[in-house]
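Participant: The structure follows.
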Amino acid sequence: AEKFFNLATAQSNLDIATTNLAHADTLYAYAQGRYDIGTISENEMLQLEVNKLNEEANCMSARIEVENAMQELRSYLGILDDTDLQVVVSDSIPDFTVSLHEALMLANANSPDILDMRRRELESESNVAQARANAGLKADIYLRFGLTQTGDKLHDAYRDPLDQQYISLTLSLPILDWGRGKGQVRVARSNRDLVRTQVEQDKTDFQLNVRKLVKQFNLQAQRVRIAARTDRTAQRRADVARRLYLLGKSSVLDLNASISEKDAARRNYIASLNEYWSLFYTLRSITLHDFEHDLPLEEDMERLLE
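Its first residue numbered 1, the sequence shown is counted upward by one per residue in the UniProt record's numbering.
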């Protein structure tokens with residue numbers, strides 16, 4: 001989703017820059033005519049020329065941004081050739097909310113983070129048990145068995161070796177370990193207690209993160225709708241400001257302000273969509289649940305391996 005929206009943002013910026021350049025070129029040509037007949041000042045005409053040059057620079061930067069984002073998405077998708085990609089951002093979003101209680105329950109049951117915390121706890125307990133076992137009385141017994149024979153010739157050395165058998169039994173029993181075993185147990189217990197504390201903190205942070213994600217997601221749909229409405233309104237205002245300027249009823253400052261607001265509103269709308277889908281898939285990944293259709297995210301592994 002991140003690389004998709006990186007390209008979507010870059011293409012949106014290019015659309016903005018291309019549209020602004022076309023308008024800036026038209027306004028500059030119009031301003032030159034008005035300047036020639038003395039209806040606008042030289043300063044105003046120069047301001048419109050600066051606007052046109054800035055938009056030309058913005059277009060070049062936007063094209064580079066699009067190419068870089070497109071290359072990253074092609075690489076992520078495994079596309080080796082220079083296929084031109086055009087992403088389409090849907091204006092519609094699903095209409096549903098996520099239950100906090102259900103999200104917490106599913107996250108605790110399915111999240112890989114929770115499984116990793118449990119693994120760390122089990123490993124620390126296993127280390128304590130191993131340290132206790134190593135600290136007890138230990139005895140090592142070595143048994144060696146061999147067959148020997150000698151002879152004047154090589155083949156005589158391997159004749160009737162069972163007549164020359166030997167067995168060696170060695171018992172190794174430590175008398176004193178100078179407290180090393182008990183020290184290892186104390187270290188293992190200390191590490192276990194530290195892991196327990198860290199895991200409890202991680203669990204608390206995990207719960208808080210799930211709560212934050214759910215609250216943000218349930219609010220984000222409304223933010224997207226507000227951003228969409230702001231985008232449409234700012235676009236209309238910019239169109240009106242441009243017409244008023246062409247009629248000589250508005251200043252270049254008001255025109256520039258309307259263009260800046262239009263561009264900011266469009267970028268904010270794309271960013272709000274990006275945030276919505278990022279939250280959408282993050283919740284799915286930590287709960288392994290499709291809240292939109294109320295279905296678990298699961299696959300038949302045998303079918304996938306066929």
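Beta carbons: idealized from backbone N, C-alpha and C, even for Gly.
Note that the coordinates shown come from a computational prediction; the quantities given were computed from them, not determined experimentally.
Using a Cβ-Cβ cut-off of 8 Å (strictly less than) and excluding sequence neighbours within five positions of I114, which residues of its own chain qualify?
Facilitator: A107, N108, K203 and F206, listed in sequence order.
Participant: Taking the DSSP output, what are the residues bridged to H289?
Facilitator: P296.
Participant: Quick check on the burial criterion: 16 or more other C-beta atoms within 10 angstroms. Buried or exposed for S92?
Facilitator: Looking at its Cβ environment, which holds fewer than 16 other Cβ atoms inside 10 Å, S92 is exposed.
Participant: With DSSP run on the structure shown, which of helix, strand or coil describes P112?
Facilitator: Three-state result, P112: helix.
Participant: Going along the chain, which residues of its own chain have a beta-carbon closer than 6 Å to the beta-carbon of A227, five neighbours each way excluded?
Facilitator: Excluding positions up to five away in sequence, the list reads N268, Y269 and S272.
Participant: How long is the line joining the alpha carbons of F5 and S12, rounded to whole angstroms?
Facilitator: Using only the alpha carbons, I get a separation of about 10 Å.
Participant: How about N134 and Q184: do their beta carbons lie closer than 8 Å?
Facilitator: For N134 and Q184, yes; Cβs fall inside 8 Å.
Participant: What does the alpha-carbon distance come out to for the pair Q201 and L194?
Facilitator: Distance between the alpha carbons of Q201 and L194 is about 11 Å.
Participant: Spatial neighbours of D263 within its chain, please: C-beta separation below 6 Å, excluding the five flanking residues on both sides.
Facilitator: Counting only Cβ-Cβ distances below 6 Å, and skipping sequence neighbours, we find I16.
Participant: If S124 sits next to R186, beta carbons under 8 Å apart, how far is it from one beta carbon to the other, in whole angstroms?
Facilitator: S124 to R186, Cβ: 14 Å. No contact.
Participant: Alpha carbon to alpha carbon, what distance is there between L80 and S260?
Facilitator: Going from the Cα of S260 to the Cα of L80 covers about 38 Å.
Participant: What three-state label does DSSP hand I270 in the structure shown?
Facilitator: Looking at I270 - three-state DSSP - the assignment turns out to be helix.
Participant: Could you tell me the alpha carbon to alpha carbon distance between S294 and T287, rounded to whole angstroms?
Facilitator: Strictly speaking, residue 294 in this sequence is Asp, with Ser absent from that position. D294 and T287: Cα-Cα distance of roughly 12 Å.
Participant: Do you know offhand how far L255's Cα is from V199's?
Facilitator: Taking the straight line joining both Cα atoms gives about 57 Å.
Participant: So K3 is in the alpha helix (DSSP H); what residue range does that whole segment cover?
Facilitator: Residues E2 to D36.
Participant: To the nearest angstrom, how far is it from the Cα of Q47 to the Cα of S41?
Facilitator: Approximately 10 Å between the Cα atoms of the pair.
Participant: Measure the alpha-carbon distance for H101 versus W277 and round it to whole angstroms.
Facilitator: Cα to Cα, the separation comes out at about 21 Å.
Participant: Does L21 pass the burial test, meaning 16 or more other C-beta atoms within 10 Å, or should it be called exposed?
Facilitator: Per the 10 Å Cβ criterion, buried.
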